[in-house]
Structures are given as structure tokens and as C-alpha cells.
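Here the structure is laid out as C-alpha cells; the discussion comes afterwards.
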Amino acid sequence: MTQASAEGDASGPMLAADGTPLKKSLARALRLQKMRALMLIAPLLLFVLVTFIAPIADMLFRSVENEIVSETLPRTTAALADWDGQGLPPEGVYEDAFYDLYMAAERKEHTRLGTRLNYEMTGASSLMRKSGRGLDDIGEVYQDQFEDLDKNWDEAQPWAELMGDPEWLTDQAAWEKGDRMPKFTLRDGIADLLPKTAEQYEAFALYQQEEEAKSPLKEEPWSAVHTALYEDLKAGDLSGYTGPRAEMLIAADALVDSPDFETVSFADGFVEMDEDWAQPEIWKTIKLYAPDYTSGYFLNSVDMQLTPEGVEMRPENERIYILLFKRTIFMSLVITGSCILLAYPVAYILSNLPSRQANLLMILVLLPFWTSLLVRTSAWKVMLQQQGVINDVLVWLGLIADDSRLVMINNQFGTIVAMTHILLPFMILPMYSVMSTIPPTYVRAAKSLGATNWTTFWRVYFPQSIPGIGAGSILVFILSIGYYITPEIVGGTTGTFISNRIAYHISSSLNWGLAAALGAILLAVVLILYWAYDRIVGIDNVKLG
Amino acid sequence: MNDVILTPAGEKPLGFTLGVLAAAGAVAGIFIGAANGSSLLGVIGGAIVMAGIAYVLVKLLGEGLEKLARLGLVALFAVVGLLLSGTPGLVVGGLFGWFFGWFAYWIGFGRYRTPLVPYLTSGQVLWHYTFRVICGAIFVFLITPILVVMPLSFNAESFFTFTPEMLSFDPAGYSLRHYRDFLTNPEWTRAVENSLLIAPVATVISVSLGTLAAIGLSQSHVPGKRAIMAILISPMIVPLIISATGMYFFYSKIGLVGTYWGVVLAHAVLGIPFVIITVTATLVGFDRSLTRAAANMGANPVTTFFRVQMPLILPGVISGGLFAFITSFDEVVVVLFIGSAELQTLPWQMFTGLREQISPTILAAATILVGISILLLTVVEMLRRRSERLRGMTPR
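Order-wise, the sequence lines are chains V and D. All residue numbers for the first sequence refer to the numbering used here, where the first residue is 30 and numbers rise by one. All residue numbers for the second sequence refer to the numbering used here, where the first residue is 265 and numbers rise by one.
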């Protein structure tokens, strides 16, 4: 093209048939071609991005996401941010924790939080469950006293009149089941007068409306509201109040100020529920896991943990993931190695036999390749079990006694044998396609020059077959490192891979964050190998059958 | 190896023949001896018996009476086997007799030399056959598990193992009850039905989108081709457990978990790499001037695609479709995660069966699946040859 344009420059631009300069016309054609190609690819690319890449990205996100702590305990985490982490947190933190946990317990979210914190601190789960039941003990101290003073403190209507906007009250009173509920609004000025009570009552009313679909006019407030009322009355003087239900509130204020009003500090109440609240550990853990993102899952998946003192290894008896990763890599290497050993002779003989015989033998390779994975796995179960075919034959031959049958399944041996068999075609096919391009004349030339059989093989044939070994090995290693089904069925406890652990966390222990972190590490390993495979072999050179 | 080989076969020295046969007999004798009490006795007995037989066959009967001698040997061994351990012994004995009859003549008259070039040393000949035996053993390793499943699926008992009745070829030991169970038990029929509802739809999605994309990718000047290719192939490379985990999280957000379409979409995306790979491979040999010629003669792009390009790449598309189909039909991990009890597919049923309530119905299902794979393999192989013929390559 440079030549064409150089010539064009000499005698004006070269023109295409329609009169535009040829260079421009060509560029346009090229652009059009690119566009058309991209248009053809776009639907699939979009499809794969939405149905496959997005889920993977979502999983990666989940491995660091940690919003549950700050969402369930918003005030506590905010209050703990100012705490220096020395000794126990101040009374104010306990108060915030009381309101947060009360709300969480009503929503049944405290158990989820407990489960989350339990990953980092054993005992957190039972602590949260216990506290969910015990919180009312604190609130009822106040609720009972207010109720003894005036029955109305335990009624829905007076509370609503005290806290709610008059306009909302009329709307809510007119509300019938099935209609949209008018959203609760606080009465003007009540938030200044009784700040904590207003906040707690609003939370209560909105919870009833939105999550239970019940009218706040019919539901008595829970004891957290009474507790907040006590806090407000203690802090401020309300003798001048003149709004709705004035005499009720002023009487309550007088009661709170009287010396025989029974009170309980939040800290004492928490310790009453569970001794663990008096230990700094739980508070430190909450503070540590307050941020929205955490490296905790990743640290867990390499047997480490985040502690207030920094990152450290888990206790010796809790370390399993490093072991599992090591085992996964070790077994994948053994499987790759045995695949190389078994595939090399087969690929060699296939590429050196006359094509008719080679095609016939090729079927023996392709048939397992096309056979369902579960069929092959169940076949190995049949073969390897203690009452299985191999043991039966060995017993029949008298090589082993009937009562000392070999244990070949539910251990590493079973996994390695079955997976070698399953992945062998993936090694044979790339090796075969490389070996069938090696010219036989090289071998003959080496022999005629006086090389021994071994030298001919080792110095002439083998180096030329290395690309096949490389391609097959990476492929088999990638496939085996993430295998799930076969280890699950024939692996028992000692022959399982990291994938089985991921599946366990997804479906049994429900520790999804840890599963995602383990998956992310495994994915990283696979992607590095994939990249290497693309570099060495090229993904468009993958052959299937 | 050359086709024209002129190595003469001739009778070998007696010592060689007897020695080899005695060694082979000794090896066989180990097993028979061990099965009947003493290995050592078996070794010695086997060696003596085989040497004797070899002498009779090669020296006394010779090549003239070969057919008769070998038949006699089969009969002799079969009878001995019958006396030693009943019907299974009869079959094994017959096979032994057939093998040793052939082996004695093969060794004794040096027939093993004929397919080989004359200048090979004895060591090379030995290695040549040892290598064949090794390869044979690997092929046995590859195929045996699949073959073993088949007879077991006819087991009359609910065992995963061969019963004594089966080994003695007693008809009472065999039955079709597991096939009957497979065809009538609603758990299994529903699983098959689900698989057949999911796999074809997933295949259609991956084939239609995949073929278009492969055509786009095969054109020159595609920007970012390598990266696009890497993304499109990734569902094959990323471990299934990770895909399943990601899909489980993501699909539950958009309400696809436990739905038919969730499973179909997941299976479609898993099948795409296979379609891309096979169709791209077919397109490598596609002559682009054909589409230009069609366009030149006034065909619009759609007509060109369906009348010129499609028929030529059809074999690749179909085999890609078969791969996609088998991927979906055989997939279990993703279904386990994003499926639901109503969406149990055949592999799911087999997986849970294998893990929990082992019943040989699984083996009946497996045998049927092996039959299907043989069918698919044949189709793919025929398509590959047809495609190579169409593209002017010689079938290999």
C-alpha cells in the first residue's frame, strides 16, 4: 500500500472506480470488514460476559465483601471506630450495641452475624444467639416500671399519638388491609424533645409497616423503645411539655427522677446475658471486621487470620487449607506425570502405525473421551471397591487372601487412578497431533549415522515431541486441579481436592465468603496456567478428537 | 514401517522354542498354581507342560497339522479348566488353549520376524514386541472400565459385583430388571426427560451464537482477536466448581437459580468453547473466494451464508453441536448448584445414586450412555472425514 500511495503522490491521488481516493476507499472497506466481524462476534461475547464472566466477577467480589457487620451493627461499628481498643469499650458502645442487636434480633439477623463472626472468633455464634434471647431482660426492667406507673405505656395507641405526626395518625387510622400503608412520620419537635425515643420508635414503626405489614396503631412498642425513653427522661427535664399525652409523659419523667426507680447499666446487662461481653475479644473482633471489605476470607483460606495484633497463622490444629492446596497440586502433578507416562507410548504407536490400524486404535482412545464422566467414575467405583472386579480377580488368582482385600478406593490411590484414566485422552490427543508431524526420516538418518536406539530416541525423537508433552501436560494439569466429581466419589477423605472443600462451604457450612476466596485462589492458579498455555500452544490450536 | 518386507520365517532351534514356551507356561502356572494352593508347583508344572506341548506341536505335528493341533489344544485346555473350576474355567481354559496354540507356532516357526525388517537384532525384535505389549496394556487400561460396566448392568442381584451365578454363565444370574427400573422408575424417567429438555435448547443457543462468532473470528483484521478468543474459550478452562459457585451467587441475585432457563443458559455457555473450536477448525480450510464468487454473481450476504458457506462448514457445526450437546447432557456440577429438585438431570441422578443409595440401575444407565457415546463418536468421525473430503484433504 505504501508503494501504491507513493506512486499516487507523483500524479495526484490514485482514484477508485467511484472517484474517491483509493487509499480512503480501502480504509473504508477495511473498517467495514472489521465492523462486520465484530457484529458477528458481539452477541456471543455479550452472552458469555453476562452468563459467565459476570458470575465469576461476582464470586471474586464476594471473597472480599464484608458488609454484614456494619449493616447489622451500624451504630456499634461507628462508635467502635473511636475506641482505642484498650480494655473494654465505654458504656456508650454498649448502649449502641443494645439498640443494634435489638433490631437485629427482631429481624432475626443476629444469628447470621453470629455465624459470620464465628469464622473469626469461635464462640461468637452462641454468644449472639444467647444475646438475641437476653436483650429483653434489659429493656423489660424499664418497660415493667413504666407499665406499673400507667397501663398506657404498654398500649399501641398512646405511643403512636405521642410520637406520630397527627396527619399520619388520621391516615393510618383510615388504612385498611390491602391498601398502601401511609409511611410513618415523626411529630414535629418530638425528635428534639426525646431524641433517642424518637429514633427507636421510628425504627420500630417502620419495621412494623415495611417488614411485618402491620399498623403501628395496633402494635405495642418493644422494650428497646422504653429503654430509650428512660435514657431521654434521665437526660432532660420535661415538666414543661404540653403536647399530646402530656400528663403521661410528665408522670414518667417524675418516676425516673425518683430515687427508687430501678436502673441497670447496659454494660452490666450485657455481662448478665453472657460473660463473653466482659471480654475485650468480641469487641476487638467487631471493630476489626467493621469495614465493608475484608481480607479475612483470603487469610482464612491460607490458614491465617486477622487479629487485633495483626496477621498471624492459625493454631496448628486448625490449619487445613494449605495442606489441601498442597495435596491438590501434588495429586495433580502425579496425575499429569502418570498421564505422560501412559500417553507417550500410545501416542507414539498411533502416529507410527499404518493409518488403517491407527484409526482403529484411535477409537479406543476416543471412546472413553466421549463417554460420560459419571459412567467412567462409576466404572472405577465398580473396579476398585473391596468387593470390586480387581479385588475379585486377584482373589480368584490367589494373589491375595479373601480377608485381606486391597483398599483401593476412598483414598488418594483411587482418585489418582480414576483421574488418570479420565484425563488420559486429553494427553494422548495433543501428543499424537505433534508426533504425527515428526518426519520418520530424521530417526532413520540418526540411525544410519551410527546412533544407538537410545541415542536416536533421546537426542532426535524425544526433543521433537516435547511440544506435545507440554501442551498435554498443561491441559491435564489445568483440568485436574479443579476436578470435583471424581474425587468426591472415589476420593474418600484423603483423596479430595480443594474443589470439594469449596463445594462443602457452599452447600453445607454456608461460609460463602471463604468458598469464594478459595475459588479465587484456585482461579488465579488456573488463569496463570491458561495464559502459559496460550503463550506456548495458542488456544486456537486446541484439538478435539 | 515399510509395507514390503521380505524377512523369511523359518523354524527356530528347539532349545529356543522350548525355553520361551516354558517361560510363558511358568508365568501362566503362577496364577493357576496360586489359585489351587502352591505357586511353586504351578511354576514348575506350567513350564514342563508347556515345553512338552511345544515339542509335540512344533516337532511332532508340524505346520501340516497346525489347524487340527490348535483346535485340539483349545479343547484340551477347556476340559482341564472345566474340571478345575467349572464353567468360568471352561472359558478361561479355552482362551489359554487358543493363545498357547497360536503362541507355540508363532515362536516355533519364527513367524514373529515376518512383519519386521530383516536387519533388526534380536534385542530390537524383543523390544518391538515388548513395546506392543505395553501399549496393549495401556489400551486395556483405557477401555476395560467401560467394558466392565456392561455385563454388570445385567446383574440379577442388586450388587455392584459379579455374582457366582454370573461367573458360571447361569442364565438365572442375569436379568433386565435394572433396565426395567431405569425405564419405569419415575425418578429416572423424569431425570432423562429433564436432560432431554435442557440439552437440545442449550445446544441450539451455543451453536447459533457460536457459529456466528466463529465466522466473525475467522475473518482477517479482527481487533483484539486473541483477547476475545481467550474469553470465549474460558468456560472450558475455568474449573467447573468455580463456574458453578459464581453462577450460583450471580443467578440467585437475578432469580435464575432453580429455574429451567438458568440451567439452560449455564449449559449453553459451557458448550460454547467446543462450538468455537470445532467451527474455527473447519473455517481454517474454507476458501474465501467462494463467498466472493457468490457475491459477485449477485447473491446477498444471507443467501451466500446459507447456500455457499453453511453447507461447507456444516460438518464442523454439527460436530460442535454434538460436543455442546454431550457437555450439557453430561454436566453435573453446575446443575447440582443452580438446579432444583424438579430439574434433576440424568447425571445428577447418577451422581447422587453413586454417593448414596448405590443401585445397579446406575450401571444400566451407564451402559445406555456408552451406547449413545458410541453413536455420537461414529457420527463425529464420519463428519470429520466428510469435511476433510469436502475441503480436498485426503482422509487420513
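We put the CB at the ideal spot given by N, CA and C, even for glycine.
Where residue i meets chain V, residues with beta-carbon distance less than 7 angstroms
| i | result |
| --- | --- |
| Y512 of chain D | I535 |
| I582 of chain D | Here the premise fails: no neighbours, minimum Cβ distance about 13 angstroms. |
DSSP-derived helix/strand/coil call for residue i
| i | result |
| --- | --- |
| N419 of chain D | strand |
| E138 of chain V | coil |
| V356 of chain D | helix |
| Q334 of chain V | strand |
| V340 of chain V | strand |
| G522 of chain D | coil |
| P50 of chain V | strand |
| L215 of chain V | strand |
| Y322 of chain V | strand |
| Q32 of chain V | At Q32 of chain V the pLDDT is 48, less than 50, meaning the model places this residue with poor confidence; the figure from the coordinates comes in the next sentence. Q32 of chain V: helix per DSSP, three-state reduction. |
| Y471 of chain V | helix |
| E196 of chain V | helix |
| E275 of chain D | coil |
Neighbourhood of residue i by C-beta distance below 6 angstroms, restricted to the same chain and skipping five residues each side
| i | result |
| --- | --- |
| L627 of chain D | V413, L416, S417 |
| T31 of chain V | Residue placement at T31 of chain V is poorly supported in this model, since its pLDDT is 46, which falls under 50; the coordinates are not used for a value here. |
| A387 of chain V | L379 |
| Q172 of chain V | S252, H255 |
| V505 of chain V | T365, C368, L452, F455, M456 |
| L647 of chain D | P579, I582, S583 |
| M265 of chain D | Low per-residue confidence applies at M265 of chain D: pLDDT is 43, beneath 50, and the placement is therefore not dependable, though the value from the model is reported in the following sentence. Cβ neighbours of M265 of chain D beyond the five flanking positions: none. |
| A292 of chain D | G310 |
Partner residues on chain D for residue i, Cβ-Cβ distance less than 8 angstroms
| i | result |
| --- | --- |
| M576 of chain V | Absent from the structure is residue 576 of chain V, since the part of chain V shown begins at 30 and ends at 574. |
| I85 of chain V | V502, I506, S507, G510 |
| Y513 of chain V | P503, L504, I505, V597 |
| R405 of chain V | P409, I410 |
| A545 of chain V | T509, F513 |
| A408 of chain V | P409, I410, V412, V413, A630 |
Residues that residue i contacts on chain V, provided the C-beta gap is smaller than 9 angstroms
| i | result |
| --- | --- |
| G480 of chain D | R65, A66, L67, M68, L69, I70, A71, L73 |
| L664 of chain D | Chain D is shown only over 265 to 660; residue 664 of chain D falls outside these bounds and no answer can be derived. |
| L578 of chain D | Ordered by position in chain V, no residue passes the 9 angstroms Cβ test against L578 of chain D, which lies about 17 angstroms from the chain. |
| H442 of chain D | What H442 of chain D touches in chain V: nothing, since even the nearest Cβ is about 13 angstroms away. |
Contact under 9 angstroms by Cβ, residue i with residue j
| i | j | result |
| --- | --- | --- |
| E421 of chain D | G437 of chain D | yes |
| S459 of chain D | T400 of chain V | no |
| T523 of chain V | Q441 of chain V | yes |
| A202 of chain V | E248 of chain V | no |
| I602 of chain D | Y512 of chain D | yes |
| V404 of chain D | G372 of chain D | no |
| A319 of chain V | L102 of chain V | yes |
| G474 of chain D | V543 of chain D | yes |
| L543 of chain V | Y326 of chain V | yes |
| L59 of chain V | L51 of chain V | no |
| V502 of chain D | L413 of chain V | no |
| V527 of chain D | L633 of chain D | no |
Close beta carbons around residue i, own chain, < 8 angstroms, minus the five adjacent residues each side
| i | result |
| --- | --- |
| S389 of chain D | Inspection of the sequence shows that residue 389 of chain D is occupied by Val rather than by Ser. Once the five neighbours on either side are set aside, the close Cβ partners of V389 of chain D are Y376, R377, L380. |
Residues that residue i contacts on chain D, provided the C-beta gap is smaller than 7 angstroms
| i | result |
| --- | --- |
| A56 of chain V | Under the 7 angstroms cutoff, chain D gives no residues; its nearest Cβ is about 11 angstroms from A56 of chain V. |
| D563 of chain V | A494 |
| I531 of chain V | I505, T509 |
| L452 of chain V | Neighbours of L452 of chain V on chain D: none; closest Cβ ~11 angstroms, over 7 angstroms. |
| P459 of chain V | What P459 of chain V touches in chain D: nothing, since even the nearest Cβ is about 13 angstroms away. |
Nonlocal neighbours in the same chain, by C-beta distance under 7 angstroms from residue i, ignoring five residues either side
| i | result |
| --- | --- |
| E231 of chain V | F213, L215 |
| Y461 of chain V | A376, L379, S380 |
Proximal chain D residues relative to residue i, where beta-carbon distance stays under 9 angstroms
| i | result |
| --- | --- |
| V555 of chain V | I501, V502, P503, I506 |
Under 8 angstroms by beta carbon: chain V residues contacting residue i
| i | result |
| --- | --- |
| A594 of chain D | In the sequence as presented, Ala is not what sits at residue 594 of chain D; that position holds Asp. Near D594 of chain D (Cβ distances below 8 angstroms), the residues of chain V are S401, L402, L403. |
According to a CB-to-CB cut-off of less than 9 angstroms, which residues of the region 369-394 of chain D neighbour chain V?
-> G387, Q388, W391
Residues in the region 349-370 of chain V having any Cβ partner in chain D nearer than 8 angstroms | Residues of the region 349-370 of chain V whose Cβ lies closer than 8 angstroms to any Cβ of chain D: none.
Using a Cβ-Cβ cut-off of less than 8 angstroms, list which residues of the region 479-501 of chain V approach chain D; keep chain order.
-> N482
Note down, in chain order, all residues in the region 411-425 of chain V with a beta-carbon under 8 angstroms from any beta-carbon belonging to chain D.
-> V411, M412, Q414, Q416, G417, V418, D421, W425
Contacting positions in the region 544-561 of chain D - beta carbon closer than 7 angstroms to chain V = T544
Output, in sequence order along the chain, the residues in the region 636-649 of chain D whose CB is closer than 8 angstroms to any CB in chain V.
-> S637, I638, L640, L641, V644, E645, R648
Any residues in the region 371-385 of chain V with a beta carbon nearer than 7 angstroms to a beta carbon of chain D? Which ones, in chain order?
-> L371, P374, V375, I378, S384
Selection of the region 418-434 of chain D by Cβ proximity to chain V, strictly under 7 angstroms | F424, T425, F426
Listed in chain order, which residues of the region 300-323 of chain V have Cβ atoms closer than 8 angstroms to some Cβ of chain D?
-> none
Quick one: which residues of the region 604-620 of chain D get their C-beta closer than 7 angstroms to a C-beta of chain V? List them in chain order.
-> P611, M614, F615, L618, R619
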